[in-house]
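Here the structure is laid out as structure tokens; the discussion comes afterwards.
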Ligand SMILES: Nc1nc2c(c(=O)[nH]1)N(C=O)[C@@H](CNc1ccc(C(=O)N[C@@H](CCC(=O)O)C(=O)O)cc1)CN2
Ligand SMILES: Nc1ncnc2c1ncn2[C@@H]1O[C@H](COP(=O)(O)OP(=O)(O)OP(=O)(O)O)[C@@H](O)[C@H]1O
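Numbering (our numbering), first residue to last: 46 to 250.
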């Protein structure tokens with residue numbers, strides 16, 4: 046394994062241990078704060094289509110944000126994990142329309158029950174809310190290591206689509222440096238329970 050891959054794995058482990066100490070209450074409180082800050086972002090105020098995700102396990106809660114966006118009339122799309130770890134997308138039509146999905150031994154995800162729209166549905170997004178474990182001052186994001194969002198970001202770049210990329214994290218997860226590999230693409234901002242953190246990718250391109 047390359048050094049950067051090893052470093053990423055180590056950082057995932059450390060951050061995973063921090064998350065393992067969180068209670069249900071911490072997750073709920075974080076979710077409410079995230080929704081409050083995210084809903085004030087100009088990028089989301091003007092968005093007609095937002096690609097987001099359903100938080101699971103000890104990820105900061107996204108439920109309140111998903112419901113508030115939907116109540117605003119925003120078209121919210123959610124990822125559907127394919128067998129090859131790439132992402133398809135399905136519309137969010139309420140918590141009761143989500144089904145448990147996942148493979149044995151892996152994280153149990155909640156995904157839209159209806160037939161997905163295809164991998165290219167993400168190209169319609171005005172904003173993309175990404176899960177992660179950390180981000181650094183350059184906006185480089187550490188994900189779970191499946192490479193799913195790496196592929197999505199490559200697909201967007203190839204199509205010339207530039208939605209606002211925003212990662213949702215806990216406060217301690219905005220770190221000094223995330224190990225970078227050539228395929229990594231920076232996000233524009235992170236929303237944490239304490240507020241919005243903007244990165245250089247926010248500037249002119
Ligand atoms: N809530 C949520 N939905 C999401 C993601 C996410 O990070 N969070 N994804 C982000 O890409 C995609 C799903 N990717 C996944 C990546 C890894 C594992 C998983 O179970 N990983 C193991 C580690 C080893 C393994 O890969 O099997 C684990 O975390 O225990 C599950 C889903 C799409 N949906
Ligand atoms: N465009 C791509 N197409 C296919 N595989 C890719 C692509 N980009 C990265 N990968 C592969 O995905 C794997 C995971 O990459 P990395 O550790 O950067 O994931 P991550 O960004 O933490 O996870 P995620 O993107 O799922 O949030 C690596 O083995 C990498 O080579």
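No residue lacks a Cβ here, since even glycine has one placed at the ideal position from N, Cα and C.
Is any beta-carbon of chain D found at less than 7 Å from that of residue 58?
Looking at the structure shown, chain D is missing, and only one protein chain is on hand.
C-alpha distance - residue 48 paired with residue 147, whole-angstrom precision
Cα-Cα distance, rounded: 30 Å.
Check the C-beta distance from residue 111 over to residue 121 and give it rounded, since I have them as a contact under 8 Å.
Taking a contact as a CB-CB distance under 8 Å, the pair residue 111 and residue 121 counts as one, their CB atoms being some 6 Å apart.
For review: beta carbons within less than 6 Å of any heavy atom in ligand 2:
That gives 53, 187, 188, 189, 190, 191, 192, 193, 194, 195, 196, 199, 226, 228 and 229.
Contact between the segment 154-162 and the segment 182-195: three or more CB pairs below 8 Å?
Flag = no, the segment 154-162 and the segment 182-195 do not touch.
Residue 231 to residue 245 span [Cα, whole Å]:
Distance from the CA atom of residue 231 to the CA atom of residue 245, rounded to whole angstroms, is 9 Å.
Is it right to say residue 107 is buried, meaning 16 or more other beta carbons lie within 10 angstroms of its own, or is it exposed?
Residue 107 is buried by the Cβ-count criterion.
Could you check where the alpha helix (DSSP H) with residue 62 kicks off and where it finishes?
In this chain, the alpha helix (DSSP H) harbouring residue 62 covers 48-65.
For residue 142, which three-state DSSP category applies?
In the structure shown, residue 142 sits in a helix (DSSP, three-state: H, G or I).
How long is the line joining the alpha carbons of residue 50 and residue 179, rounded to whole angstroms?
Taking the Cα positions, residue 50 is about 15 Å away from residue 179.
Host alpha helix (DSSP H) of residue 71 (start-end)
It spans 69-83 - the alpha helix (DSSP H) in which residue 71 sits, taken as one unbroken run.
Distance, Cα to Cα, residue 166 vs residue 202?
Residue 166 and residue 202 have their C-alpha atoms roughly 14 Å apart.
Indicate, with yes or no, if ligand 1 has a heavy atom lying under 6 Å from the CB of residue 101.
Yes; taking the cut-off as 6 Å, the Cβ of residue 101 has a heavy atom of ligand 1 nearer than that.
Examine ligand 1 and report whether any of its heavy atoms sits within less than 6 Å of the Cβ of residue 168.
Residue 168 Cβ: outside cutoff for every heavy atom of ligand 1.
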